[in-house]
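Below is one structure; the comments refer to it alone.
Numbering (the numbering used here), first residue to last: 3 to 296.
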């Protein structure tokens, strides 16, 4: 007889906490920034719209080319080659996320070149990801938990006719039900960290797109003119800022995708914490850069 599947109350509470975080924090950031900074509201929606368009269309086009036209789908099948699958997902998603920032800042912002508008634009795209991957997925998770607890796992899976698919879904839901409450909350914190990273890396792309005279204060420009070697790295290596942002985004996603395909399952909390700490370090550096810009 199969073990019954049940979501403990602690897990359901953790899910609600995660949902509140992933929905409330992007909204509060939006309200705070709109009310306190001189940023145009249109910048926010440009970031959201451009990101949504590029990521969805770009992922479909890339998948169609590599997986269908080139026939590489078996190579990136998570069940056959989980490492390749994780690498593919991290590279494609990481590249598209930051390329959408580059395109929005480069081609759609018009005269909104101030750093406040850049920040507001990246906040829009970052908040969108947090709402979708954190909020919507958690709502689905909560719905499954309540349905399984009230009617049982068999009733929940009764509409699936294929026995193999039904058992696969049972195994997935059983793993979800067994996930500790602290790890569920940690997953939510990871989504917030990812949102902050999206915004932070926008600062690097912003520096890569603009000439020093457009983004540095007069005092900083005078110092650099007297001693060119004193130029900060984001100015001295301005041409590398966009690919550097893409690489950092990919590296931040790779541990999460490896976890999703079954790697480091026993060390999942440590892997997530390590990822969050690395993201925090990047965000601190980018915040320092942001404060140095005019």
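Just so it is clear, CB atoms sit at the ideal spot from N, CA and C, and this is done for glycine as well.
Mapping the DSSP letters down to three states, classify residue i as helix, strand or coil.
i           : result
residue 25  : helix
residue 203 : helix
residue 133 : helix
residue 295 : strand
residue 72  : coil
residue 77  : coil
residue 3   : Unreliable placement is indicated for residue 3, whose pLDDT of 49 sits below 50; the coordinate value is still reported in the next sentence. If DSSP states are grouped into helix, strand and coil, residue 3 belongs with coil.
Hey, how far is the Cα of residue i from the Cα of residue j?
i           : j           : result
residue 196 : residue 6   : 35 Å
residue 13  : residue 62  : 34 Å
residue 54  : residue 129 : 11 Å
residue 90  : residue 118 : 33 Å
residue 152 : residue 134 : 26 Å
residue 34  : residue 161 : 46 Å
residue 92  : residue 208 : 23 Å
residue 286 : residue 280 : 10 Å
residue 3   : residue 142 : Because residue 3 sits at a pLDDT of 49, beneath the cut-off of 50, its placement in the model cannot be relied upon, and the following sentence gives the value as read from the coordinates. Near 28 Å, if we compare the C-alpha coordinates of residue 142 and residue 3.
residue 218 : residue 252 : 28 Å
residue 274 : residue 64  : 28 Å
residue 80  : residue 263 : 6 Å
residue 75  : residue 270 : 27 Å
Within 10 Å of its beta-carbon, does residue i have 16 or more other beta-carbons around it, so buried, or fewer, so exposed?
i           : result
residue 293 : exposed
residue 9   : buried
residue 221 : exposed
residue 87  : buried
residue 277 : buried
residue 100 : buried
residue 102 : buried
Confirm, please, whether the CB-CB distance from residue j to residue i is below 9 Å.
i           : j           : result
residue 159 : residue 172 : yes
residue 20  : residue 110 : no
residue 206 : residue 288 : yes
residue 120 : residue 45  : yes
residue 260 : residue 84  : yes
residue 40  : residue 116 : yes
Looking at the ligand NAD, does it come within less than 8 Å of residue i, judged from the CB to the closest heavy atom?
i           : result
residue 189 : By its list of ligands, the structure shown contains no ligand whatsoever, and the ligand NAD lies outside what it can speak to.
Check whether the stretch 200-211 and the stretch 106-126 touch, using three or more Cβ-Cβ pairs below 8 Å as the test. yes
Exercise for review: Determine, using beta-carbon pairs with one atom in the stretch 210-220 and one in the stretch 237-254, whether at least three such pairs fall under 8 Å.
Suggested key: yes
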